[in-house]
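Data first, discussion second: the structure below is written as structure tokens.
Numbering (the numbering used here), first residue to last: -13 to 166.
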């Protein structure tokens, strides 16, 4: 495997601007602008081993996550460059106000540290946003906000656990497991 050459400063600056615009437009929920940052939208969610590939799939991902977390926001911690990617460490946060798949809303806030790789091809086209995070931290925060001294929340917690388990019962996307 050969090591790709590190791009010149002007390429790094253009990549960084595109990624920062992408982040900003996600917070504004300006989906057309976000999708304009890559010709073929693709999100890889490594903790769930899911791929959202193509315009319709990515818009569905946006709709589902912003229904669940309408106030979703982020704080960038660090931004780094590699030969073929911009790597962003950030806090993702929001309030669980709507269903996330089969997980009913808890009203709890979450704040989870994440890393996203914005991968570019040899023509400097963004081809993928690959996201890594600890999903257990998020689950603990969403469930941990429930007052378990209230019997009504026992049923809600059980429904949430069932919902989270249903999210993990699918087969991993082969694009994420067939890496050789």
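Glycine included, every Cβ here is placed at the ideal spot set by N, Cα and C.
Starting from the C-beta of residue i, find all residues in its chain whose C-beta is less than 6 Å away, skip the five residues before and the five after it, and write them out in chain order.
| i | result |
| --- | --- |
| residue 161 | 37 |
| residue 91 | 82, 83, 84 |
| residue 24 | 112 |
Would you check if the distance between the CB atom of residue i and the CB atom of residue j is smaller than 7 Å?
| i | j | result |
| --- | --- | --- |
| residue 127 | residue 96 | yes |
| residue 89 | residue -8 | no |
| residue 54 | residue 84 | yes |
| residue 11 | residue 5 | no |
| residue 129 | residue 67 | no |
| residue 122 | residue 98 | no |
| residue 131 | residue 166 | no |
| residue 57 | residue 80 | yes |
| residue 173 | residue 59 | What is shown of the chain runs -13 to 166, which leaves residue 173 out entirely. |
Helix, strand or coil, according to DSSP, for residue i in the structure here?
| i | result |
| --- | --- |
| residue 26 | coil |
| residue 167 | This structure leaves residue 167 out entirely; the chain is present only between -13 and 166. |
| residue 54 | helix |
| residue 9 | helix |
| residue 16 | coil |
| residue 61 | strand |
| residue 115 | strand |
Spatial neighbours of residue i within its chain, please: C-beta separation below 7 Å, excluding the five flanking residues on both sides.
| i | result |
| --- | --- |
| residue 106 | 1, 70, 71, 112, 113 |
| residue 45 | 17 |
From which residue to which residue does the alpha helix (DSSP H) around residue i run?
| i | result |
| --- | --- |
| residue 147 | 137 to 153 |
| residue 130 | 121 to 130 |
| residue 185 | Lying before the first or after the last residue shown, residue 185 is absent from the chain, which here runs from -13 to 166. |
Tell me where the beta strand (DSSP E) around residue i begins and ends.
| i | result |
| --- | --- |
| residue 89 | Counting along the chain, residue 89 falls outside any beta strand (DSSP E), and DSSP gives it neither H nor E. |
| residue 81 | 71 to 81 |
| residue 101 | 95 to 106 |
| residue 39 | 36 to 39 |
Tell me which residues share the same chain as residue i and place their Cβ nearer than 8 Å to its Cβ, disregarding the 5 neighbours each side in the sequence.
| i | result |
| --- | --- |
| residue 102 | 73, 74, 76, 115, 116, 117, 118 |
Quick one: any contact between the stretch 23 to 38 and the stretch 110 to 120, if contact means 3 or more CB pairs under 8 Å? Segment contact: the stretch 23 to 38 against the stretch 110 to 120, three or more CB-CB distances shorter than 8 Å; contact assigned.
Three or more C-beta pairs below 8 Å linking the stretch 42 to 52 and the stretch 133 to 142: Contact fails: fewer than three Cβ-Cβ distances are below 8 Å.
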